[in-house]
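Step one of this worksheet: look at the structure below.
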Amino acid sequence: MASLPDDPIDALLTAHGLRRTQAARLVLGWMLAHADTSFTHAQLQLALHDETAQGLDRVTLYRLVDRLTQVGLLLCRVDVHRVRRYQAMPASVQAAPHFECQNCHRDSPLAGALKKNSRDLEKAAQTAIEALKALGYTDLRMDVAVRGICLDCAADEASRAD
Ligand SMILES: [Zn+2]
């Protein structure tokens, strides 16, 4: 029987069905070490280059980031400039209610718009996750997203209709 990897990064990669390549370790390790920051592909490439003095080529990095996002280790959000930003998936973000505009694809937290109601939503999601965890479910993720048309896009549409 194969022994379990003791390195937490390796363990995460294995648990998500990813190969434990040097590149995968590098990217996931960096993202987890900077879990409160989101990076664009370009920023990540630059940071890794500074970190390792070699970095990764663009294609490898893009592919890896896509893969890490697909398995839920990274969170992908589109910023106001419609640029994809990636961040390690922290527990607190998993259940953070957010709004996805179906027109401009901007993704924004609902905390500002909903105020206290947003905290209720978040708490409800967290409670559900804790309950499932207690039952033995693992790798839990919950995405609380409200989808629709944002204020900016709605205003655009209204002005075009005039
Ligand atoms: Zn919009």
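Under my numbering, think of the first position of the sequence shown as 1, with each following residue one higher.
Each residue gets a CB set at the ideal place from its N, CA and C atoms; glycine is no exception.
Item	Value
So, for H105: in the same chain, excluding its five sequence neighbours on each side, which residues have a beta-carbon less than 8 Å away from its beta-carbon?	V78, R82
Compute the Euclidean distance between the alpha carbons of D7 and M31, then round it to the nearest angstrom.	16 Å
Report the option in T69, C101, D120, E100 whose CA atom is closest to the CA atom of Q87.	T69
Express the C-alpha separation of A161 and L61 in angstroms, rounding to a whole number.	43 Å
To test your reading of the DSSP string, which unbroken alpha helix (DSSP H) runs of 4 or more residues are found completely within the segment 72 to 117?	91 to 94, 111 to 114
With DSSP as the reference, please indicate the residues paired to V27 in a beta bridge.	V27 is not bridged to any residue.
Just the C-alpha distance for T37 and G72, rounded to the nearest angstrom, thanks.	16 Å
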